Ligand code: ZN
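In the working numbering, the protein residues as written are 72 to 266.
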């Protein structure tokens, strides 16, 4: 039985997620923390064991990322402070990549400024300096270790999401003036939404 808010969309969701995995009927959307929520600055812990709990978290994060039309999501953003990231930079949004306990093992010397946005900072986009290419070692959802050699958007996305696990949001690369302006804007939007 799928858990949905209304229970009415089960069939549609069932079809949407058919073929995704055996746990697809138990996935749920997770609330995404919004900047400047202090919980976004917590440093995530290593995952001890890639077990059913972690796989459930991964499934929920993937669903949450797609629902929010994101290309990456870190567990920190859904208030789970463990080193888990999901990413999908494919055009079809059908190739989720799971990185558990990711470690940067190589970075290119070349960097570039990349225009970034974040599900935790809706509506804000700005330039951040990132390595052109990175190699990262991580476990997948089955606990298997692998090395990913990432370039272009995937490389940027991995760096952005790994920052989240260290408690860092991309706006912290911007000037204090810009950051404060964003903070004020976010708080105002959140107050209006709460009304
Ligand atoms: Zn983000």
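All residues carry an ideal CB built from backbone N, CA and C; glycine is no exception. Keep in mind the model is a prediction, meaning the values are calculated, not measured.
Residue closest to residue 107, alpha-carbon to alpha-carbon, out of 246, 197, 248, 242: 242
Sequence-distant residues of its chain with Cβ nearer than 8 Å to residue 237 (five each side left out): 114, 115
Proximity test, residue 238 beta-carbon vs the ligand ZN heavy atom, cut-off 8 Å: no
Cβ contact check for the stretch 130-145 and the stretch 171-182: 3 or more pairs under 8 Å: no
Cut-off 7 Å between Cβ atoms - residues of its own chain near residue 128, not counting five sequence neighbours on either side: 146, 151, 155
Check: residue 189 C-beta below 8 Å from any heavy atom of the ligand ZN: Yes, Cβ of residue 189 sits closer than 8 Å to a heavy atom of the ligand ZN.
Beta-carbon gap between residue 131 and residue 101 smaller than 9 Å: yes
8 Å CB neighbourhood of residue 192 in its chain, flanking five on each side removed: Apart from sequence neighbours up to five positions away, the residues of its chain that approach residue 192 with a beta-carbon distance below 8 Å are 105, 106, 240, 241, 242, 253, 257, ordered along the chain.
Through-space distance from residue 265 to residue 181, alpha-carbon basis: 44 Å
CB-CB length for residue 190 against residue 148, believed under 8 Å: 6 Å
Under 9 Å between C-beta atoms of residue 197 and residue 249: yes
Local Cβ density within 10 Å of residue 221, reported as buried at 16 or more and exposed below that: buried
Assigned exposure category for residue 201 - 16 Cβ within 10 Å defines buried: buried
Closest Cα partner of residue 228 within the set 121, 214, 184, 245: 184
Three-state secondary structure (DSSP) of residue 91: For residue 91, the pLDDT reaches just 36, beneath the cut-off of 50, and the residue's location in the model is therefore unreliable, although a value from the coordinates is still provided. DSSP places residue 91 in coil when its eight states are reduced to three.
Through-space distance from residue 165 to residue 226, alpha-carbon basis: 18 Å
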